[in-house]
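First comes the structure, then the notes that go with it.
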Amino acid sequence: MNANLMVASNAMDKIIALCKRRGFIYPGSEIYGGLANTYDYGPAGTELLRNIRNLWWNNFVHKRDDIVGLDASVISHQEIWKASGHATGFADAMVDCKNCKLRLRADHLTERSTKKKVEGKILEELEKIIQNSKDLVCPNCGKHDWTEVRRFNLLFPVNLGIVEEDQSLAYLRGETAQGMFINFKNVVDSTRIKLPFGIAQLGKSFRNEVTLGNSVFRTLEFEQGEIEYFFDADKTNWEELFDEWRQTMWNFVVEELGINEKNLQWRVHSDEERSFYSKRTEDLEYKFPFGFKELWGIAYRTDYDLVQHMKFSSKDLSITDPQTGKKIMPHVIEPAVGINRMLLMLLSDSYREEEKRIVLKLHPKLAPYKVAVFPLLANKPELVEKAKKIYKDLRKNFSVVFDDRGNIGKRYYSQDEIGTPFCVTVDFETLENDTVTIRDRDTMRQERTKVNKLVSCFQDKIS
Ligand code: ATP
Numbered sequence: 082m083n084a085n086l087m088v089a090s091n092a093m094d095k096i097i098a099l100c101k102r103r104g105f106i107y108p109g110s111e112i113y114g115g116l117a118n119t120y121d122y123g124p125a126g127t128e129l130l131r132n133i134r135n136l137w138w139n140n141f142v143h144k145r146d147d148i149v150g151l152d153a154s155v156i157s158h159q160e161i162w163k164a165s166g167h168a169t170g171f172a173d174a175m176v177d178c179k180n181c182k183l184r185l186r187a188d189h190l191t192e193r194s195t196k197k198k199v200e201g202k203i204l205e206e207l208e209k210i211i212q213n214s215k216d217l218v219c220p221n222c223g224k225h226d227w228t229e230v231r232r233f234n235l236l237f238p239v240n241l242g243i244v245e246e247d248q249s250l251a252y253l254r255g256e257t258a259q260g261m262f263i264n265f266k267n268v269v270d271s272t273r274i275k276l277p278f279g280i281a282q283l284g285k286s287f288r289n290e291v292t293l294g295n296s297v298f299r300t301l302e303f304e305q306g307e308i309e310y311f312f313d314a315d316k317t318n319w320e321e322l323f324d325e326w327r328q329t330m331w332n333f334v335v336e337e338l339g340i341n342e343k344n345l346q347w348r349v350h351s352d353e354e355r356s357f358y359s360k361r362t363e364d365l366e367y368k369f370p371f372g373f374k375e376l377w378g379i380a381y382r383t384d385y386d387l388v389q390h391m392k393f394s395s396k397d398l399s400i401t402d403p404q405t406g407k408k409i410m411p412h413v414i415e416p417a418v419g420i421n422r423m424l425l426m427l428l429s430d431s432y433r434e435e436e437k438r439i440v441l442k443l444h445p446k447l448a449p450y451k452v453a454v455f456p457l458l459a460n461k462p463e464l465v466e467k468a469k470k471i472y473k474d475l476r477k478n479f480s481v482v483f484d485d486r487g488n489i490g491k492r493y494y495s496q497d498e499i500g501t502p503f504c505v506t507v508d509f510e511t512l513e514n515d516t517v518t519i520r521d522r523d524t525m526r527q528e529r530t531k532v533n534k535l536v537s538c539f540q541d542k543i544s
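Start counting at 1 in the sequence shown, then tack on 81, and there's your number in my numbering.
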C-alpha cells in the first residue's frame, strides 16, 4: 500500500472506530455477522442525522416561499421506473474475482489504474482496461483473475400481495426525485405555488450497490435530500438558475455546516459520464479521507421526466400560464444530496487529534448534544440532586446529557469525542451561590455563570 493510501485508510479507520465507540454508527446486523453495506445509527449518530435533516429542511423549505415539501411512498409502481428509464438503464458494470468471489464495480476498479473518472465508459472499454492492467489485482485476495464485465440493475424489486399468483412487481425507489415528478400535478392543483418553484423531499432511497467499505459513504439504503426546481424554459435562463443553485449549495455547506472551503471543489461531468437527458451535471465534491468524492450533485434534467411520465401514464402533466393561456411543460434543475454523506463529511471535517484528546469540532447547532451536566462527585447526594435538577430544566430547551461516571476529566474526554460544545459542572460552590462552571469544548476554558442565566447563555452560543 502506498504512503498516501495508508494515511487515508488510517484516518478513516480512526473515524470508524470513534463512530462505534461513541454511538454514531454501528455495522448493520452485527450480532448475526453483519450485512454488507448496511449500517445502523446509534444515539449520537441519530441526533446528528436529525440535526442535518432539520437544518436542510429549514433552509430549503421553511425559509423559502418558492419551495414546498413532499413525502412520497418508498414502494412505488413499476411503471414509474420504466418511464424514468431506471428499470432498464439504472445499472452498474460489475466484475467478480474468480478466485475469492469478491464483486466490485468495474469503474471503481478501473479508476485505480487510470487515476481518473471512467464513469460512462462502455463495457468493452472497461473490460479492456481491466484485462490489460495486471496491477489491477483483487483488493481482497491479491489475484488478477476477473470475470467479464456485466451490468447489474440497481433497483430493488419487491413483490406485493401474499398469494403467489397475485403477486405483482413494484420497486423500492432508487431516488426520491420521481416522487416529485409523479406528484407534480397534485402539488400544483392543491397549493397556490406558481412557476418557478421547487418541490423538496427528504427520505430513503435504495440501490443494490456493491462497495469497498468507507462506512456510510455508499450503502444499500440511504437518505436523500432532493429538490426539483421547476421553471418555464421560455422565461427563465437555465444557466443563470443553475449558477444560482450552485452558489446556494456551496453556501449551505460552508456557512450552515461549517465545512472548510479548502476541502470542497466542483467537478463538471464529461459528456460521456452525464445522463443522456441532462444538459449539464456538476458534483460538489468533498475531500473525504479516501479522496475527493461526490457529496451533492446538481443536474439540469430539462423536461425529460415530466414528458416521460406523460407518455407512460397518458395524463396531461403540463400547466397553463394564467396570463397567456399558453401550455407549459416545465423544465427542472435538481440539486440532490445524500444526508448520510453529509454526516460522514461532518465527522471527517470536525475530527481533531490533539495532544491529550480527540475532539469533534462540530458547529454547536449540529452537535448531537448541546450540553452535558455533571455533579462534581457522584457520591455526594446534594450535588447529584442539584445537577439532576439543572439537567431536567435545561432539557426543556436543548438536547442534554447527564453523566456521573468516573472523574471529571474522563467525562470531558467522552463529551469531546461526541462534540458536545458545553459541559456544566455542579460543585460545592453551586450549593452556596447558585453558580456553575461552563467548560467550553474548543478552548477548554471554564467560566462561572449563574444557574438562572444558563438557558439564555446557551441560546446565544448555539444559534
Ligand atoms: P454516485 O456517483 O456516488 O453513485 P450518484 O451520482 O448516483 O452518486 P445521485 O443519484 O445524484 O447520486 O444521488 C444524489 C446524492 O445521493 C449523491 O450526491 C450522494 O450524496 C447520495 N448517494 C447516492 N448514492 C448513494 C449511496 N449508495 N449511499 C449513500 N449516498 C448515496
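By construction, the Cβ of each residue, glycine as well, lies at the ideal position given by its N, Cα and C atoms.
Since the model is a prediction, treat every value here as computed from it, not as a measurement.
Residue j beta carbon less than 8 Å from that of residue i
i	j	result
residue 378	residue 397	no
residue 519	residue 507	no
residue 471	residue 482	no
residue 359	residue 382	yes
residue 140	residue 333	yes
residue 384	residue 411	yes
residue 250	residue 159	yes
residue 184	residue 269	no
residue 476	residue 283	no
residue 157	residue 259	yes
residue 235	residue 211	no
residue 414	residue 322	yes
residue 393	residue 452	no
residue 337	residue 136	yes
residue 345	residue 312	no
Residue closest to residue i, alpha-carbon to alpha-carbon, out of the options
i	options	result
residue 486	473, 283, 458	458
residue 92	478, 430, 287, 449	430
residue 405	191, 316, 300, 362	316
residue 147	251, 272, 342, 184	272
residue 169	237, 185, 432	237
residue 466	448, 452, 441, 512	512
residue 441	496, 403, 409, 479	496
residue 420	517, 325, 297, 352	297
residue 435	235, 530, 228, 498	498
residue 252	456, 177, 164	164
residue 448	464, 427, 460	427
residue 295	475, 167, 530, 118	118
residue 155	128, 255, 137	255
residue 329	103, 145, 388	145
residue 186	167, 166, 196, 207	207
Residues near residue i by beta carbon distance below 7 Å, same chain, minus five either side
i	result
residue 541	none
residue 263	161, 390
Separation of residue j from residue i, as counted between CA atoms
i	j	result
residue 75	residue 308	Since the displayed the chain opens at 82 and closes at 544, residue 75 lies outside it and no answer follows.
residue 443	residue 407	50 Å
residue 523	residue 502	7 Å
residue 347	residue 96	25 Å
residue 343	residue 335	10 Å
residue 232	residue 173	5 Å
residue 289	residue 367	24 Å
residue 215	residue 369	28 Å
residue 373	residue 192	13 Å
residue 462	residue 536	24 Å
residue 83	residue 325	With a pLDDT of 49 at residue 83, under the threshold of 50, the predicted position of this residue should be treated as unreliable, though the coordinate-derived value follows. Those two C-alpha atoms are separated by around 40 Å.
residue 357	residue 445	42 Å
residue 219	residue 229	14 Å
residue 44	residue 510	The question about residue 44 has no answer here: the residues shown for the chain are numbered 82 through 544.
residue 279	residue 314	14 Å
residue 105	residue 425	10 Å
residue 474	residue 525	24 Å
residue 209	residue 223	19 Å
residue 380	residue 514	60 Å
residue 286	residue 310	19 Å
residue 468	residue 432	29 Å
residue 132	residue 225	45 Å
residue 353	residue 267	35 Å
residue 339	residue 401	42 Å
residue 115	residue 109	6 Å
residue 111	residue 439	26 Å
residue 531	residue 456	16 Å
residue 492	residue 102	14 Å
residue 478	residue 257	33 Å
Proximal residues to residue i (C-beta, below 6 Å), its chain only, five neighbours per side dropped
i	result
residue 350	362
residue 194	214, 217
residue 227	176, 211
C-beta neighbour in chain C for residue i, strict 8 Å
i	result
residue 506	Among the chains of the structure shown, chain C does not appear; only one protein chain is present.
8 Å Cβ shell around residue i - same chain, five flanking residues per side excluded
i	result
residue 130	122, 304, 420, 421, 424
- By C-beta, the residues closer than 6 Å to any heavy atom of the ligand ATP, given in chain order: 256, 288, 290, 299, 300, 303, 305, 375, 376, 377, 378, 417, 418, 419, 421, 422
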